[in-house]
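Visitor: This is the structure I want to talk about, given as structure tokens.
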Amino acid sequence: LHEAAILYNLKDRHVRCLPYTRTGDICIAVNPYMWMDDLYSEDTRERYAKHYVYSGQVSNIDPLAPHVYETSSLSFRGLVFDNTNQSILVSGESGAGKTETVKILMRHLASLSGLSDKGNESAMVVKKVLDSNPLLEAFGNAKTMRNDNSSRFGKYIQLQFSNTTTSPLQVNCSLAGSMCETYLLEKSRVVGHTNGERSYHIFYQLLGAPDDYK
Numbered sequence: 626l627h628e629a630a631i632l633y634n635l636k637d638r639h640v641r642c643l644p645y646t647r648t649g650d651i652c653i654a655v656n657p658y659m660w661m662d663d664l665y666s667e668d669t670r671e672r673y674a675k676h677y678v679y680s681g682q683v684s685n686i687d688p689l690a691p692h693v694y695e696t697s698s699l700s701f702r703g704l705v706f707d708n709t710n711q712s713i714l715v716s717g718e719s720g721a722g723k724t725e726t727v728k729i730l731m732r733h734l735a736s737l738s739g740l741s742d743k744g745n746e747s748a749m750v751v752k753k754v755l756d757s758n759p760l761l762e763a764f765g766n767a768k769t770m771r772n773d774n775s776s777r778f779g780k781y782i783q784l785q786f787s788n789t790t791t792s793p794l795q796v797n798c799s800l801a802g803s804m805c806e807t808y809l810l811e812k813s814r815v816v817g818h819t820n821g822e823r824s825y826h827i828f829y830q831l832l833g834a835p836d837d838y839k
């Protein structure tokens, strides 16, 4: 395993519209800059959930194709059956698709917890988290040379689950709440930025708002 082989494999899969590549426990995503319906369909979500969460065993022999759903499924499995707190780190270059990846992960976790009796409540918790994104992005996102909606801050989202699972045949783990913390805001962008870039969205939204809103 070396850098040239990894880059060649990433390029080959990207050309074939396969944005995800697995290397050990890490899922590498190359932003395809387009939405692929089949890749995130309900059938796909259920297939990964059944294989990694409810099959009763996790094996690398003939696994499913690399997918971010594998990450969320294994985290959910560790939470439910091992009763252990889980962490998912999403990192990458500006414009790599980190924000969208977090949304995809949270929607999948909501669908996994939605298999329990409190599925509707779980979906509502995730919906509230996702609905808060535009407000956070208004104050913390800006246009850069590489990305029109670049996050200029770090975000830590904690999803809080209520787990009363007693056996693999009766999973009962639902979302009970969430918490979001922000850090490392690029404060210098408030007073200055590079040519071709902009300050935070909120300033332009306020200036462009109708007079009655101002």
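The numbering of the sequence shown is my numbering, which starts it at 626 and goes up by one. Note that beta-carbon positions come from the ideal geometry of N, C-alpha and C, so glycine has one too. Here the structure is a predicted model, which is why all the values come from computation and not from measurement.
1) What alpha helix (DSSP H) runs, 4 residues minimum, are completely inside the stretch 693–724?
2) Determine, using beta-carbon pairs with one atom in the stretch 709–726 and one in the stretch 654–661, whether at least three such pairs fall under 8 angstroms.
3) Have a look at residue 791 and residue 737 and give me their C-alpha separation to the nearest angstrom.
4) The ligand SAH and residue 758: does the residue's C-beta get closer than 6 angstroms to at least one heavy atom of that ligand?
5) Are the beta-carbon atoms belonging to residue 805 and residue 782 less than 7 angstroms from one another?
6) If you draw a straight line from the C-alpha of residue 823 to the C-alpha of residue 764, how long is it?
7) By the 10 Å Cβ neighbour count, where 16 or more other Cβ atoms means buried, how is residue 700 classified, buried or exposed?
8) Rounded to the nearest angstrom, how far is the Cβ of residue 829 from that of residue 814, given a contact under 8 angstroms?
9) Considering only residues of the stretch 772–820, which uninterrupted beta strand (DSSP E) runs meet the minimum length of 3 residues and lie entirely inside it, listed in chain order?
10) With respect to the beta strand (DSSP E) encompassing residue 647, which residues constitute its N-terminal and C-terminal limits?
Guide: Taking the geometry as given:
1) Scanning the stretch 693–724 from its first residue to its last, the whole alpha helix (DSSP H) runs of 4-plus residues come out as 693–706.
2) Segment contact: the stretch 709–726 against the stretch 654–661, three or more CB-CB distances shorter than 8 angstroms; contact assigned.
3) Going by the C-alpha atoms only, they are around 17 angstroms apart.
4) The ligand SAH is absent from the structure shown, which contains no ligand whatsoever.
5) In this structure, residue 782 lies closer than 7 angstroms to residue 805 by Cβ.
6) Using only the alpha carbons, I get a separation of about 13 angstroms.
7) Answer is buried; the Cβ neighbour count reaches 16.
8) No, residue 829 and residue 814 are not in contact; Cβ-Cβ is about 13 angstroms, not under 8 angstroms.
9) As far as the stretch 772–820 is concerned, its whole beta strand (DSSP E) runs of at least 3 residues are 779–788 and 798–808.
10) In this chain, the beta strand (DSSP E) harbouring residue 647 covers 645–648.
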